[in-house]
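Following numbering that gives the first Met the number 0, the numbering of the sequence shown begins with 0 at its first residue and continues without gaps.
Here a beta-carbon is modelled for each residue, glycine too, at the ideal position from N, C-alpha and C.
Note that the coordinates shown come from a computational prediction; the quantities given were computed from them, not determined experimentally.
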Amino acid sequence: MDKNQMSCELQFTSADISVGHTPILHDLSLSFPRGQITVLLGPNGCGKTSLLQCLNGMSSVSSGSLTYQGESLIDMPERKRARKIAFLPQVRSIIPSIPVHTLVEHGRFPYQGFSRRPNAEDRRLVDQAMKACGILSFADRSVDTLSGGMRQRVFLAMVLAQATPLIVLDEPTTYLDPKSQNEIMDLVTSLRDRGKTVIMVLHDLAQAARTADHLVIMSDARRVIASGPKEEVLNTSAISDVFGVSMHRVSIDGGWHYLFF
Numbered sequence: 000m001d002k003n004q005m006s007c008e009l010q011f012t013s014a015d016i017s018v019g020h021t022p023i024l025h026d027l028s029l030s031f032p033r034g035q036i037t038v039l040l041g042p043n044g045c046g047k048t049s050l051l052q053c054l055n056g057m058s059s060v061s062s063g064s065l066t067y068q069g070e071s072l073i074d075m076p077e078r079k080r081a082r083k084i085a086f087l088p089q090v091r092s093i094i095p096s097i098p099v100h101t102l103v104e105h106g107r108f109p110y111q112g113f114s115r116r117p118n119a120e121d122r123r124l125v126d127q128a129m130k131a132c133g134i135l136s137f138a139d140r141s142v143d144t145l146s147g148g149m150r151q152r153v154f155l156a157m158v159l160a161q162a163t164p165l166i167v168l169d170e171p172t173t174y175l176d177p178k179s180q181n182e183i184m185d186l187v188t189s190l191r192d193r194g195k196t197v198i199m200v201l202h203d204l205a206q207a208a209r210t211a212d213h214l215v216i217m218s219d220a221r222r223v224i225a226s227g228p229k230e231e232v233l234n235t236s237a238i239s240d241v242f243g244v245s246m247h248r249v250s251i252d253g254g255w256h257y258l259f260f
């Protein structure tokens, strides 16, 4: 494995991405660094979600390559893939009427047999994930009785219990109030601090600038127009070209903050 593969968690090379028989992205070459938070930004319909869905099989790479730590993902068995990548989609139309701990246990399915009976290691990782997400005291509560922000914590605990090196989140703060959004972003940052690689889609530019280590900007032409370390991307014209806003960096209490208008 070469040095680039060692530092790169995930890589698309000359990839054409389709949903069913519908082409979405063409000739995509893009890499995601290991141990960092990468945020994808772009207008609706630019292909961000379709790109992410290649990682759970909902969209496909029809040509080119998609590798995880140098190993092809295209033909990787589903169970093996689920032990490497945890995927949390944006749309969850049905909120289950089951206890919190039961939902979090779903993250252990890739490691269980047909009976799906949790063993001691499963229970340990589930409790550890609930504690990390601040929901251990809600373990016996029904998921459908919780607030939106607390439910999102439960789903994050589920993907954390999956114990994968890579976590993929599609718009994890959608429909949440500002306080809950900030709490979820703090949780995402804590995942990176635990050594996880995180890839997520966001729409809030300030949120992305505050949280990301690495940025990918996509245009409505379904092309990647900028990709790299956050500071480098924010210093290009990509934000103004795609979103029609300008970025201003200000120092507050010794830290840098980003304003967009």
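Query                                                                                                                                                             : Result
With distances taken between CB atoms, is the gap from Ile166 to Leu190 smaller than 8 Å?                                                                         : yes
Taking the C-alpha atoms as reference points, what is the distance between Ser62 and Ile16?                                                                       : 8 Å
Is the Cβ-Cβ distance between Ala225 and Thr235 less than 8 Å?                                                                                                    : yes
Return the CA-CA distance between Val142 and Asp176, expressed in angstroms with no decimal places.                                                               : 18 Å
Return the CA-CA distance between Asp1 and Leu65, expressed in angstroms with no decimal places.                                                                  : Model confidence at Asp1 stands at a pLDDT of 42, short of 50, so the residue's coordinates are unreliable; what they give is reported in the following sentence. Their backbone Cα atoms lie some 16 Å apart in a straight line.
Could you give the first and the last residue of the continuous beta strand (DSSP E) run that contains Pro32?                                                     : Thr21 to Pro32
Go through the region 140 to 199 residue by residue and report every complete run of the alpha helix (DSSP H) that reaches 4 residues or more, in order.          : 147 to 160 and 177 to 192
Which runs of the beta strand (DSSP E) spanning at least 3 residues fall entirely within the region 50 to 133, listed in chain order?                             : 59 to 67 and 84 to 87
I need the straight-line Cα distance from Ile238 to Leu39, nearest angstrom please.                                                                               : 12 Å
Would you decide whether Gly106 is buried or exposed? Buried here means 16 or more other CB atoms lie within 10 Å of its CB.                                      : buried
If you follow the alpha helix (DSSP H) that Arg221 is in, where does it begin and where does it stop?                                                             : Looking at the DSSP string, Arg221 is not in any alpha helix (DSSP H), and its letter there is neither H nor E.
For Thr38, list the residues DSSP reports as bridge partners.                                                                                                     : Strictly speaking, residue 38 in this sequence is Val, with Thr absent from that position. Val38 is bridged to Met199 and Leu214.
Is Phe260 helix, strand or coil when you go by DSSP?                                                                                                              : coil
How is Thr48 classed by DSSP in three states: helix, strand or coil?                                                                                              : helix
Counting along the chain, where does the beta strand (DSSP E) carrying Leu9 start and finish?                                                                     : Cys7 to Val18
On the criterion of 16 or more Cβ atoms from any shown chain inside 10 Å, does Ser49 qualify as buried, or is it exposed?                                         : buried
For chain B, find out if any of its Cβ atoms is closer than 8 Å to the Cβ of Glu120; answer yes or no.                                                            : Among the chains in the structure shown there is no chain B, since it carries only a single protein chain.
Just how far apart, CA to CA, sit Asn3 and Val232?                                                                                                                : Summary for Asn3: the model assigns pLDDT 48, below 50, so the residue's position carries little reliability; its value from the coordinates is reported in the next sentence. Looking at the two C-alpha atoms, the distance is approximately 20 Å.
Can you find the residues in the same chain that come closer than 7 Å, C-beta to C-beta, to Arg150, ignoring five residues on each side of it along the sequence? : Ile94 and Val142
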